[in-house]
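Have a look at the structure below, then the notes.
Residue numbers (the UniProt record's numbering): 1 to 354.
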């Protein structure tokens, strides 16, 4: 069964924000419907034969149709164009669709008024009167919705940015594994290469190790990196483990060229490869098979499962750290699936707009 693991920081932020927004919207919607229908009843009574409450009920039902229709448009656009960075496009489409909806709904409303209350000759003036009022109130309420949503998203954007900075700090600690100055370690590797001399396997190992730490240093302050850069880092890391474990590890890459330009958090793919190596028994007869596939806007990392009988000490923070960073960068889910014989993680590949 597929699942998306929650992140404490991102989940709390998203849950509290969504909860407060939906609570606010539900209260505003029904209070607004009652208030607007009462205002219409007081200012636009056209059927003296009806009692006040009968007239209010007819206005209430009409207001429900208008409000619910526009609310449906708002929530549809919020799903398709979320976030404060897309506010201009969302508001423009919202105004356009709301206007079209009001024009059509007002035709039907004016027809009902002429059908049951007013003479046929009153259709055109009734329509234009109702349309002006409906457009004014609809645009006013639409702007209230968008203003409140924009404020929520603007505030959450900066809260997420601060949380992401904290998560990046944790990921760098997880990647380095030791509280050692990486600059010192990198320089020490160069010194060691000079001491080794002509020992080709040792030089090859040190070269790959230097590439690993060079990438960690260069990506230290980056929120995301191109998948092509991350895969070059993964290649260096896999090469290190191939020197150590030989044919006990088999890594297969199937990556579409266009996917290499998309982005991931630094060290994210490498940590999945590392987890697979760390938590599975390795043998030449049954090598650990790791497949990395990227197509469209998704990357899948799949490994065969051969769990170790004696588990190494683990903080279990690696996978959670990846989930946390993705949840702070995108609303698209990160999926994790354990099939018994295989373990798979699906990562959403990011664009520069996310």
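Ideal placement from N, C-alpha and C gives every residue a C-beta, glycine not left out.
Every unbroken stretch of the alpha helix (DSSP H) spanning 4 or more residues and falling wholly within the region 192–257 is given here in chain order: 200–218 and 227–245.
Its chain contains 254 and 300 as the residues whose beta carbon lies nearer than 6 Å to that of residue 293, once the 5 sequence neighbours on both sides are disregarded; these appear in chain order.
When C-alpha distances from residue 277 are compared across 139, 74, 157 and 288, the shortest belongs to 288. Beta-bridge analysis with DSSP links residue 307 to 280.
Boundaries of the alpha helix (DSSP H) around residue 329: 318–329. C-alpha of residue 74 to C-alpha of residue 28: approximately 14 Å in a straight line.
Around the beta-carbon of residue 233, 16 or more other beta-carbon atoms lie within 10 Å, marking it buried.
Counting C-beta atoms within 10 angstroms of its own C-beta, residue 144 has fewer than 16 neighbours from the protein chains shown and is therefore classed as exposed.
If you draw a 10 Å sphere on the C-beta of residue 257, you find fewer than 16 other C-beta atoms in it, and that means exposed.
If you draw a straight line from the Cα of residue 91 to the Cα of residue 330, it comes to about 21 Å. Contact between residue 69 and residue 108 does not hold, since the beta-carbon distance rounds to 11 Å and is not under 8 Å.
Between the region 218–233 and the region 277–286 there are fewer than three inter-stretch CB-CB distances shorter than 8 Å, so the stretches are not counted as touching.
For the pair residue 303 and residue 213, the Cα-to-Cα distance works out to about 25 Å. For residue 63, the enclosing alpha helix (DSSP H) covers residues 52–80. Residue 262 carries a coil assignment under DSSP once its states are collapsed to helix, strand and coil. Inclusion of residue 349 and residue 260 in the CB contact set at 7 Å is not warranted, their separation being larger than that value. Residue environment: residue 136 is assigned as exposed (fewer than 16 neighbouring CB atoms within 10 Å of its CB, all protein chains considered).
Less than 7 Å separates the beta-carbon of residue 106 from that of residue 131. The C-alpha of residue 162 lies about 30 Å from the C-alpha of residue 26.
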